[in-house]
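**Student:** Take a look at this one; I'll ask things after.
Residue numbers (the working numbering): 1 to 258.
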């Protein structure tokens with residue numbers, strides 16, 4: 001079986017970023033829906049979706065290769081858990097978004113260094129062993145939590161507001177894309193910057209949709225916003241599943257004609 005078939009994670013292409021932004025935005029609106037709209041609280045929301053993440057992750061480890069539905073279900077669980085953890089750090093532990101972001105940055109660096117020391121790489125487009133995948137998902141969970149804290153720091157602590165914060169982050173993301181295509185900047189570093197920043201983009205945009213007008217949003221609500229991004233996510237994952245099936249079919253044919 002070829003390395004491409006054994007690979008357990010998606011290719012980092014445009015569709016990946018579309019699904020990730022939809023997932024992270026759903027993570028923001030979904031976490032707020034459960035913790036605030038449904039009044040479950042942050043600790044209960046963390047417990048529910050952390051359990052969902054662990055179950056989804058266990059199932060994913062048992063599967064061979066990359067399965068888009070299992071992958072993105074696991075990812076979306078990390079997005080919701082990350083939002084709830086970030087809010088718990090700020091509003092329950094009263095650590096604040098700035099200090100919370102610093103703690104999370106240090107945690108992410110520690111995990112990446114441990115990953116590199118153990119596996120010799122922090123490659124995110126080719127994961128073929130359970131050990132590497134564990135580091136992969138722990139790093140993703142921390143990065144999603146960090147992204148939420150960073151977005152709330154911009155919109156709340158710096159008082160930029162949700163829409164302005166989303167615009168600032170979008171501008172930085174465009175700069176990262178330019179560096180990717182037009183410079184020799186380290187691609188892996190740019191990936192992690194983009195990965196972290198797409199999270200606060202989704203978070204601030206999600207808050208803009210759900211918060212009331214007096215709080216700087218448009219008052220669309222957590223349930224309606226979650227339904228919209230849930231639908232976008234389902235459609236995008238269906239497309240990714242279709243493309244993955246084509247890749248899996250094309251690989252044996254290409255190997256046979258070689």
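All C-beta atoms in this analysis are idealised placements derived from N, C-alpha and C, irrespective of residue type, glycine included.
Buried or exposed, going by whether 16 or more other CB atoms sit within 10 Å of the CB of residue 150?
**Tutor:** Its Cβ being crowded by 16 or more others within 10 Å, residue 150 is buried.
**Student:** Between the region 175-182 and the region 208-225, do three or more beta carbon pairs fall short of 8 Å?
**Tutor:** Contact between the region 175-182 and the region 208-225 is absent, because fewer than three Cβ pairs lie under 8 Å.
**Student:** What first and last residue would you give for the alpha helix (DSSP H) that runs through residue 51?
**Tutor:** Here the alpha helix (DSSP H) through residue 51 covers 42-62.
**Student:** With respect to the alpha helix (DSSP H) encompassing residue 82, which residues constitute its N-terminal and C-terminal limits?
**Tutor:** It spans 68-87 - the alpha helix (DSSP H) in which residue 82 sits, taken as one unbroken run.
**Student:** Answer with buried or exposed for residue 184, where buried requires no fewer than 16 other C-beta atoms within 10 angstroms of its C-beta.
**Tutor:** The residue is exposed, with fewer than 16 neighbouring Cβ atoms inside 10 Å.
**Student:** On the criterion of 16 or more Cβ atoms from any shown chain inside 10 Å, does residue 186 qualify as buried, or is it exposed?
**Tutor:** Counting Cβ neighbours within 10 Å, residue 186 comes out exposed, since fewer than 16 surround it.
**Student:** Shortest alpha-carbon distance to residue 190 belongs to which of 19, 172, 239, 206?
**Tutor:** For residue 190, the nearest C-alpha among the options comes from 172.
**Student:** Can you tell me the Cβ-Cβ gap for residue 61 and residue 119, rounded? I've got them flagged as a contact below 8 Å.
**Tutor:** At roughly 16 Å, the Cβ-Cβ gap does not stay under 8 Å, so residue 61 and residue 119 are not in contact.
**Student:** In its own chain, which residues sit with a C-beta less than 7 Å from the C-beta of residue 53, not counting the 5 before and 5 after it?
**Tutor:** Correct list, in chain order: 74, 77, 78, 81.
**Student:** Excluding five sequence neighbours on each side, which residues of the same chain lie with their C-beta closer than 7 Å to the C-beta of residue 108?
**Tutor:** 139, 142, 143, 146.
**Student:** Just confirm the distance between the C-beta atoms of residue 27 and residue 161, as a whole number of angstroms; I'd bet it's less than 8 Å.
**Tutor:** That pair is no contact at about 20 Å.
**Student:** Report, in whole angstroms, the separation of the C-beta atoms of residue 135 and residue 111, which I expect to be a contact under 8 Å.
**Tutor:** Their Cβ separation, rounded to whole angstroms, is 7 Å, which keeps residue 135 and residue 111 in contact under 8 Å.
**Student:** Between residue 8 and residue 66, which are expected to be in contact by the criterion C-beta below 8 Å, what is the C-beta distance as a whole number of angstroms?
**Tutor:** Indeed they touch by this definition, with Cβ atoms about 5 Å apart.
**Student:** Give every residue of the same chain whose Cβ lies closer than 8 Å to the Cβ of residue 233, excluding the five residues on either side of it in the sequence, and list them in chain order.
**Tutor:** Hits under 8 Å: 19, 22, 23, 26, 72, 76.
**Student:** Cutting at 7 Å between CB atoms, please list the residues of its own chain near residue 193, excluding the five before and the five after it.
**Tutor:** Excluding sequence neighbours, residue 193 sits near 176.
**Student:** According to the neighbour-count rule (16 or more other Cβ atoms, all chains shown, within 10 Å of its Cβ), is residue 231 buried or exposed?
**Tutor:** So residue 231 counts as exposed.
**Student:** My understanding is that residue 15 touches residue 236, with C-beta atoms under 8 Å, so please give their C-beta distance in whole angstroms.
**Tutor:** Confirmed, Cβ separation roughly 7 Å.
**Student:** Going by DSSP in three states, residue 7 sits in which element: helix, strand or coil?
**Tutor:** Residue 7: coil per DSSP, three-state reduction.
**Student:** Just the Cα atoms here: how many angstroms apart are residue 47 and residue 30?
**Tutor:** Looking at the two C-alpha atoms, the distance is approximately 14 Å.
**Student:** Run through the region 184-223 for me and flag every whole alpha helix (DSSP H) of 4 or more residues, listed as ranges in chain order.
**Tutor:** Runs of the alpha helix (DSSP H) inside the region 184-223: 187-210.
**Student:** So residue 70 and residue 59 are supposed to be a Cβ contact under 8 Å. How far apart are they, rounded?
**Tutor:** Indeed, because the Cβ distance is near 6 Å, the residues count as touching under 8 Å.
**Student:** State the DSSP-derived secondary structure class of residue 144, mapped to helix, strand or coil.
**Tutor:** Of the three classes helix, strand and coil, the one that applies to residue 144 here is helix, per DSSP.
**Student:** Given this structure, state the Cα-to-Cα distance separating residue 12 from residue 125, to the nearest angstrom.
**Tutor:** Approximately 6 Å between the Cα atoms of the pair.
**Student:** Just mark residue 130 as buried or exposed, buried being the case when its beta carbon has 16 or more other beta carbons within 10 Å.
**Tutor:** Residue 130 is exposed by the Cβ-count criterion.
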